[in-house]
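> Under our numbering, the first residue of the sequence shown is numbered 3, with each subsequent residue one higher.
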Amino acid sequence: MALENKDDDIIEINLKELVTSVYKQKKLIIMITGIIVVLTAVFLLITKRPVYEATSSVVLNPPTTVATRFGEYKFPSSNVFSNYIQYITSDAVLDDLIEKYSTKEVVLDRKKLRASISVEYEDRDNYDKDDKDTKVFSNKINVKVRNKDALTAQQMNADLLQWYDTYMRVTNKKMALDDFIKSYEIAIKTEEIAVEQDQLILNQKKALLSTMEPTFTLKKGLVSNPSDAIRYAGSLDSSNDVINEEFRNDDYTKLNSECVDRESKLLEAKQKLEKNQRLYDQLIAENDTFTKAVEDKNYNVALNSVLDVFKNSMHVTMSASIPDTFVPRNRLKYTAIAGIIGLFFSLLIAVCRYFWHKN
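#1: Quick one: Cα of Tyr301 to Cα of Asn289, how far?
#2: What are the partner residues of Glu55, as DSSP defines its beta bridges?
#3: With DSSP collapsed to three states, give me the class of Glu107.
#4: Looking at Thr319 and Val2, is the spacing between their C-beta atoms short of 8 Å?
#5: Find the nearest neighbour of Leu285 within the set Asp181, Ile342, Leu115 and Leu350, judged by alpha-carbon distance.
#6: Buried or exposed for Thr22, going by 16 or more other Cβ atoms inside 10 Å?
#7: Between the Cα of Leu309 and the Cα atoms of Phe347, Thr66 and Tyr75, which residue gives the shortest distance?
#8: Since Tyr123 and Ile143 should fall inside the 8 Å C-beta cutoff, what is the C-beta to C-beta distance between them, to a whole number of angstroms?
#9: DSSP has Thr213 in a bridge; who is on the other side?
#10: Which stretch, first to last residue, makes up the alpha helix (DSSP H) that contains Thr255?
#11: Cα separation between Ser120 and Glu194?
#12: Can you give me the C-alpha to C-alpha distance between Leu210 and Arg264, rounded to a whole angstrom?
#13: Locate the beta strand (DSSP E) running through Ala69, then write down its first and last residues.
#14: Report the three-state DSSP secondary structure of Ser120 (helix, strand or coil).
#15: Please classify Lys8 as buried or exposed, where buried requires at least 16 neighbouring CB atoms within 10 angstroms.
#16: Which partner residues of Val2 appear in the DSSP bridge assignment?
#17: Is it right to say Pro325 is buried, meaning 16 or more other beta carbons lie within 10 angstroms of its own, or is it exposed?
#18: Which residues in the same chain as Thr67 place their Cβ atom closer than 8 Å to its Cβ, once the five residues preceding and following it in sequence are excluded?
#19: Look at the alpha carbon of Leu163 and the alpha carbon of Ser79, and state the distance between them as a whole number of angstroms.
#20: Go ahead and label Phe72 buried or exposed: buried means 16 or more other beta carbons lie within 10 angstroms of its beta carbon, across all protein chains shown.
#21: Tell me whether the beta-carbon of Lys175 lies closer than 8 Å to the beta-carbon of Phe292.
#22: Check whether the stretch 27-37 and the stretch 339-358 are in contact - that is, three or more C-beta pairs closer than 8 Å.
#23: For the candidate residues Leu96, Ser92 and Ala287, whose alpha-carbon lies nearest to that of Leu179?
#24: Give the C-beta separation of Leu268 and Val197 to the nearest angstrom, bearing in mind that I take them to be a contact with Cβ-Cβ under 8 Å.
#25: Give me, in chain order, the residues of the same chain whose beta-carbon lies closer than 7 Å to that of Asn149; leave out the 5 immediate sequence neighbours on both sides.
#26: How is the beta strand (DSSP E) around Tyr75 delimited, first residue to last?
#27: Please go through the same chain and pick out, in chain order, the residues whose beta-carbon is closer than 6 Å to the beta-carbon of Gln273, but skip the five residues on each side of it.
#28: Taking buried to mean at least 16 other C-beta atoms within 10 Å of its own C-beta, is Gly36 buried or exposed?
#29: Cα-Cα, which of Cys261, Ser315, Thr70 and Leu275 is closest to Tyr86?
#30: Lys113: which of Ile32, Lys106 and Val95 sits nearest, CA to CA?
#31: Just mark Val303 as buried or exposed, buried being the case when its beta carbon has 16 or more other beta carbons within 10 Å.
#32: What would DSSP say about Phe347, mapped onto helix, strand or coil?
#33: In the DSSP assignment, the alpha helix (DSSP H) including Asn302 goes from what residue to what residue?
#34: Let me know the secondary structure DSSP gives Phe312 once reduced to three states.
Okay, structure coming up:
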């Protein structure tokens, strides 16, 4: 059997020849790179228009506890300052901006809008003495909104802060309503059980009291319990006529005092229960009104004076003004990247042409 020998095709690369070939095509490389850079620059001029940035300054003073007529409301311990900042770009706040500023020509979405908003902490001059590497931030923040139109940027910044304040007040009022409703439900149930038990005990004591006499005489004692009466009479001066003398029944007095005391406490418990029930009914009515008002976006009704626990927690120290200068859009960076890509692409073409002619 004859063996068939086949030689593999081998391409020898001469680096000097390759470099020389690529160098000879420098005009082509420059032309391709230039075309890509020019096209990129034109594209950036069309799409990456200058944007304006409106800036406002806000001071946040979120409370920890608030006194209300329903009791003291304590804010959740998990609500740290950074969490309040995150709510600025929450979906609920952005949706109101999208609804107002979206048009047929400009359709906004959460991603685009969130990218146009930035929040910056304002550093304090002092640092933590125990930890020099830990910087202490103040409760003052700068809110920046970017837009292609200067007036729109300023208006969006103002609306963003207004809706953020409304959202925080609505959210915290709902939390306070739910917290108090739950607390009052538990308290009322506990008090009802306690009142029922105290009433039962009081009735039993009164029933026992009705079988006792507040006073007694030896004459009555001889009839009801002769042995005790004789023993008691023996301790007295026999010269005195005490057979009809009335004596206070200490057991009756003690039991009667217990009944009076328990009756007084029971009355206080009933009054407290009635008060809590009345406040609970007010909470339920307020919750119904609040829920309907929020659904209808009637925030003036929703944020009345009842349990508006986050009110006055945000203060705008500097309102956004209409910006008169635009913010650079990093066109040079994108153009430089396009130049590098164009150079790489043109070199690839030059190398391919070299191998094409060689073979």
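Heads up, the beta-carbon is just placed ideally off N, CA and C, and yes, glycines get one too.
Looking at the atomic coordinates:
#1: As the crow flies, the alpha-carbon of Tyr301 is around 14 Å from that of Asn289.
#2: BP columns for Glu55 point to Arg148.
#3: In the displayed model, Glu107 falls within coil according to three-state DSSP, outside both helix and strand.
#4: Because the chain spans 3 through 361 in this model, residue 2 falls outside it and cannot be assessed.
#5: The shortest C-alpha separation from Leu285 is found at Asp181.
#6: If you draw a 10 Å sphere on the C-beta of Thr22, you find fewer than 16 other C-beta atoms in it, and that means exposed.
#7: Ranking Phe347, Thr66 and Tyr75 by CA distance to the CA of Leu309 puts Tyr75 first.
#8: That belief holds up - the Cβ atoms of Tyr123 and Ile143 are roughly 6 Å apart, short of 8 Å.
#9: Residue pairing for Thr213: DSSP places it in no beta bridge.
#10: For Thr255, the enclosing alpha helix (DSSP H) has its first and last residue at Asp252 to Glu297.
#11: Going by the C-alpha atoms only, they are around 53 Å apart.
#12: Approximately 15 Å between the Cα atoms of the pair.
#13: Per DSSP, Ala69 belongs to the beta strand (DSSP E) from Thr67 to Thr70.
#14: Annotated three-state conformation of Ser120 is strand, per DSSP.
#15: In this prediction, Lys8 has a pLDDT of 44, which is less than 50 and means its spatial position is unreliable; nothing more can be read from the coordinates.
#16: Residue 2 is absent from the model: the chain starts at 3 and stops at 361.
#17: Taking all protein chains shown into account, Pro325 has 16 or more neighbouring C-beta atoms within 10 Å of its C-beta and is therefore buried.
#18: Cβ neighbours of Thr67 beyond the five flanking positions: Glu74, Tyr75, Lys76 and Phe77.
#19: Approximately 24 Å between the Cα atoms of the pair.
#20: Within a 10 Å sphere around the beta-carbon of Phe72 sit 16 or more other beta-carbons, which makes this residue buried.
#21: In this structure, the beta-carbon distance from Lys175 to Phe292 falls below 8 Å.
#22: Contact holds: three or more Cβ-Cβ distances are below 8 Å.
#23: Closest option to Leu179, Cα to Cα, is Ala287.
#24: For a cut-off of 8 Å, the C-beta gap from Leu268 to Val197 is around 7 Å, short enough to register as a contact.
#25: If we look at Asn149 and ignore the five residues flanking it on each side, its Cβ neighbours are Val53, Tyr54, Ser118, Ala155 and Met158.
#26: Here the beta strand (DSSP E) through Tyr75 covers Gly73 to Lys76.
#27: Within the same chain, no residue comes within 6 Å of Gln273 by CB-CB distance, once the 5 residues on both sides are set aside.
#28: So Gly36 counts as exposed.
#29: The shortest C-alpha to C-alpha distance from Tyr86 to any of Cys261, Ser315, Thr70 and Leu275 is the one to Ser315.
#30: For Lys113, the nearest C-alpha among the options comes from Val95.
#31: With fewer than 16 Cβ atoms within 10 Å of its Cβ, Val303 is classed as exposed.
#32: Helix, per DSSP.
#33: For Asn302, the enclosing alpha helix (DSSP H) has its first and last residue at Tyr301 to Ala304.
#34: Look at Phe312 here: in three-state DSSP terms it is coil, with no helix or strand label.
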